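Take a look at the structure set out below.
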Amino acid sequence: MADIVESREVSALLSELTTPAGRADPYGHYTRLRELGAFVRADDGTLIVTRFAECAAVARDHKLGKMPVELLAHAGLADWADHPALYGYFTSLLGINPPDHTRLRRLVSSSFTARRVQALRPATERMIDELIDEMDGAADFVAAFAFPLPCNVISELLGIPPADRAQFQHLVQDWSAVLDDITPEVLSKANPAAKAVREYLAALAAERRRRPREDLMSALVGHEEAGDRLTEDELLTMAGLLFAAGFETTTNLLANGLVALLEHPEQRPDLVADPASAVQELLRYDSPVQNIDRTALEPTTVAGVTFEPGDRIVAYTGSANRDARRFPDPDRLDLRRGDNTSLSFGGGMHYCLGAPMAKLEAEIAFPRLFERRPGLGLAAGAQRRDSLTIRGFDVLPVVTQ
């Protein structure tokens, strides 16, 4: 059986990760936690997983899933279904377990294919060039590029007309705030935002039923497999998920990745030589998603640790991606690193559905940014997001000349 470490030092390290300073630079704390053990216990009883092999095993085990909605009352969210912002997450692929998860993922995957994502390449290239054209002089990279790009790409995927797209940037920002914190103040903005997105998508779905096009919304509306199809509620929840959750990874991949590339200018030739491998390394080096949570759905033993139903586990994937047992010299960015597949998109049945799209955008964006703006550089005033789960920037000032 694996040892589970509980100590004052563990408590102190985990506590430090809840502070702005600890969240701004968590990697030294991760290193010490890995040295203490693959499994450490938080003061509230949550089991924290720190190393790559053990995090990967947790992510792959189907007996470890998302917290069942029946347990949300114990977490103080008994009225979750009354909040549009929470309903949209907890009933989506982000929050459900098999067999519902298996069925929905199968139906959506049949329409959200790699071919459909690759077909977005010309439109993505055009959007990237348009955003770069507007970045002239000083700019906030998040507001000017990293946030609008995934918004426009997802809109293109779903078939949302260009004239309607700008409104979604603010709506999604308000809605996705519940991924960081669920408070009355956050919900006061998130609920109306989620409601507005859903109402728009409902109208779009109705239009595509009348006049189908070559877009994902038309595919989802019309797809049927073995006599099964998405209900209206499932359809709108899935389309909303693509908006609200899809931004977090891509926006922060672009911002974190740009900082890493600007801090290591000597590696830009390797970015141009193999953008796909470079993006994989950027994901490993400074992951947009730093941890994934799981709840034991039934008794299981993973990596030598036995779990009982209801046990809560948090896999620190940001720590796993810096584990020297898996990646030699892990704190060094190396765009030539051959074997750099990380846990940044999770794993197992909850592996990020939108990962191919996020990688496509980054693989095109980074080389194009440095080609079109060779004098691109960081400016003063960057503001890191104060979040342990989502690592990125609220503001990232840059100069383009």
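Following our numbering, the numbering of the sequence shown begins with 21 at its first residue and continues without gaps.
Where is the CB? At the ideal position from N, CA and C, for every residue including glycine.
The model shown is predicted, which means the values in this text are computed figures rather than measured ones.
Below 8 Å on the Cβ atoms is my guess for residue i versus residue j; work out the distance and round it to an integer in Å.
i	j	result
residue 298	residue 355	4 Å
residue 198	residue 105	5 Å
residue 179	residue 236	7 Å
residue 85	residue 314	6 Å
residue 411	residue 347	In fact, because the Cβ distance is near 18 Å, the residues do not count as touching under 8 Å.
residue 168	residue 189	6 Å
residue 163	residue 323	The pair is not a contact, with the Cβ atoms about 42 Å apart (cut-off 8 Å).
residue 124	residue 114	Actually they do not touch by this definition, with Cβ atoms about 11 Å apart.
residue 69	residue 335	4 Å
residue 387	residue 160	Not a contact, Cβ separation roughly 22 Å.
residue 127	residue 243	7 Å
residue 157	residue 403	Between residue 403 and residue 157 the Cβ distance is about 20 Å, and since that is not below 8 Å, they are no contact.
residue 239	residue 131	4 Å
residue 340	residue 71	6 Å
residue 24	residue 61	5 Å
residue 267	residue 170	5 Å
residue 397	residue 257	About 42 Å; that fails the 8 Å criterion.
For residue i, report the span of its beta strand (DSSP E) as first-last.
i	result
residue 309	It is not in any beta strand (DSSP E) - residue 309 carries neither H nor E in the DSSP assignment.
residue 61	59-61
residue 419	417-419
residue 326	325-327
residue 151	No beta strand (DSSP E) contains residue 151, which is instead part of the alpha helix (DSSP H) from 141-154.
residue 342	First-last for residue 342: undefined, no H or E at that position.
residue 321	320-322
If distances are taken between C-alpha atoms only, which option among the options comes closest to residue i?
i	options	result
residue 31	53, 148, 375	53
residue 51	342, 268, 43	342
residue 166	372, 308, 80, 48	308
residue 75	57, 374, 279	57
residue 137	381, 108, 414	381
residue 325	361, 59, 392	59
residue 207	195, 217, 218	195
residue 358	290, 397, 128	290
residue 419	154, 205, 241, 182	154
residue 327	107, 42, 82, 251	82
residue 332	45, 403, 49, 92	92
residue 312	187, 363, 131	363
residue 147	122, 71, 182	182
residue 391	107, 33, 42, 149	149
residue 219	66, 252, 248	252
residue 409	144, 107, 365, 280	365
residue 141	413, 103, 385, 64	385
residue 129	209, 352, 321, 245	245
residue 144	406, 378, 272	378
residue 234	152, 139, 349, 260	139
residue 414	353, 370, 273, 367	273
residue 101	259, 294, 330, 215	215
residue 372	319, 269, 294	269
residue 275	330, 306, 221	306
In this structure, does DSSP put residue i in helix, strand or coil?
i	result
residue 207	helix
residue 398	strand
residue 26	coil
residue 248	strand
residue 384	helix
residue 413	strand
residue 404	strand
residue 332	strand
residue 180	coil
residue 68	strand
residue 257	helix
residue 39	coil
residue 160	strand
Which stretch, first to last residue, makes up the alpha helix (DSSP H) that contains residue i?
i	result
residue 240	236-242
residue 52	47-56
residue 186	186-196
residue 137	134-138
residue 125	120-129
residue 233	Taken as a continuous stretch (DSSP letters only), residue 233 belongs to no alpha helix (DSSP H), as it is neither H nor E.
residue 353	Careful: residue 353 lies outside any alpha helix (DSSP H) and carries neither H nor E.
residue 289	288-293
Please tell me whether, using a cut-off of 8 Å, the distance from the CB of residue i to the nearest non-hydrogen atom of the ligand FMN is below it.
i	result
residue 186	This structure simply doesn't include the ligand FMN, nor any ligand for that matter.
- Item | Contiguous alpha helix (DSSP H) assignments of at least 4 residues, all confined to the stretch 82-110 | Here the runs fully enclosed are 104-110.
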